Each structure stands twice: as structure tokens, then as C-alpha cells.
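*Asks:*
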Amino acid sequence: MDKLTFDDFIRMEEIDHNIGFKSIVPAPKCFEIYKKFPQYICALKEQDKVIGYVSTVAVEKELYERLKSGEVGEDAVNLANMSFSNPVYLYITCVVIDRPYQNLKNVKALFDKYKAHMKSLFDNGMQVAEVLTECETELYYLTKKSARRIFLYAVPRVRYNI
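In my numbering, the protein residues as written are 3 to 164.
(1) Kindly indicate the opening and closing residues of the beta strand (DSSP E) around Y103.
(2) Would you identify the three-state DSSP class for V79, choosing helix, strand or coil?
(3) Going by alpha carbons, who is nearest to V133 out of P30, D4 and T58?
(4) How should D125 be labelled, buried or exposed, when 16 other C-beta atoms within 10 angstroms of its C-beta is the threshold for buried?
(5) To which residues does DSSP link T135 through a beta bridge?
(6) One question on the structure: do L27 and G54 come within less than 7 Å of each other, judged by their Cβ atoms?
(7) Could you check the C-alpha separation between A45 and N108 for me, to the nearest Å?
(8) So if DSSP puts Y55 in a beta bridge, which residue, or which two residues, is it bridged to?
(9) Out of K47, E67, K51 and F33, which has the shortest C-alpha to C-alpha gap to N93?
Right under this line is the structure:
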């Protein structure tokens, strides 16, 4: 796993604004979560600059169900309701590549890196109960397809809400 800095999280927030996300979690909050759970983010860099990332959090089952029903959104996720006790309920909060870098090469690089990242977590004993994602960018359909493929590769018997 790459070590990320606060400036990397500022860059990720900048990407979110560039893309036009409606709901943006501020960099300081994301960085606080990262310091406690560094496994939640997988960033793609080009010349030491973040150009895209995948954010996946493991949340308590109660919050997972509320996210799945649409009762709450991503902003409800915080350190108090995150849990990496097996089995985990994963919520993929974001899959994004900054507009100038959106090409097949970078999409493939990001998903290959994310797949290796998740495989290392599975190899270290992480067990997944369910996976949920929603996306608001033009990568939505690719995200759904790729997320399902990534998790099917590592955890073939998981329930997906993708």
C-alpha cells in the first residue's frame, strides 16, 4: 500500500470538485479516516500526483443497511461506525479518475491496482459479507461492472449490491 499524505487528500478533494460530485467529503475528514484505516483508499498516481482513486470503507451492518436503503448517504460514514471485524460490510464510496487522465490505460491501471489492493486484504484474512456501491460519474457503468469483477475474483460467494 502506498503511503498517502494530507496533500494527496487535498488533491482527491480537488478531483471530486473537477468531476462535479454533488456530495464531497472534506479532505480533513478523509485523512482522519485514512490515518486510522489506511486500507480504505487506493490511489493512482502519475509523477507523484494523485490522478484517481477508489475509496472503500467497511461499515457496521446497521449503517450498511441504511446506506443500501438510501436512508443515509456517504456523509453518514465516520470513524465511530466503521468496522474491520470479520465479516465486513464494504461500501465503495468513490471510484474516480480526474478528467484529463480519463483513458483506458488509467482506468485499467486503477482497477488493476485496486484488485491487487483488495487481494492483499483478503490474503490477510478479511472476510466480506456484502458489497455496496453507487457512483455519480460517467464511470458509473464501468464501476459497477469492474467492482463486481474485482470482488468475484477474490470472494465468489458474496452478496453484491452493485
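Yeah, the Cβ is synthetic: ideal placement off N, Cα and C, and Gly gets one too.
As the structure is a prediction and not an experimental result, all values here were calculated from the model.
*Replies:* Working from what's here:
(1) Here residue 103 corresponds to residue number 101 of the sequence shown, with the count starting at 1. Y103: not part of any beta strand (DSSP E); DSSP gives it neither H nor E.
(2) Residue mapping note: residue 79 aligns to position 77 of the sequence shown, counting from 1. It is coil, neither helix nor strand.
(3) The residue labelled residue 133 in the question sits at position 131 within the sequence shown. Here the closest residue by C-alpha is T58.
(4) Taking the sequence shown and counting its residues from 1, the one referred to as residue 125 is at position 123. Classification for D125: exposed.
(5) Position 133 of the sequence shown, counted from the first residue, corresponds to residue 135. According to DSSP, which records beta bridges pairwise, T135 is partnered with I94.
(6) Residue mapping note: residue 27 aligns to position 25 of the sequence shown, counting from 1. Residue mapping note: residue 54 aligns to position 52 of the sequence shown, counting from 1. Here the sequence assigns Val to residue 27, which means Leu is not the residue at that position. No; because the gap between Cβ atoms is not below 7 Å, this pair is not in contact.
(7) Within the sequence shown, numbered from 1, the residue matching residue 45 stands at position 43. Within the sequence shown, numbered from 1, the residue matching residue 108 stands at position 106. Rounded to the nearest angstrom, the two C-alpha atoms are 11 Å apart.
(8) Translated into positions along the sequence shown, residue 55 becomes position 53. Paired residue(s): A45 and V98.
(9) One-based indexing of the sequence shown puts residue 93 at position 91. Per the sequence shown, residue 93 should be read as Tyr rather than Asn. Nearest C-alpha to Y93: E67.
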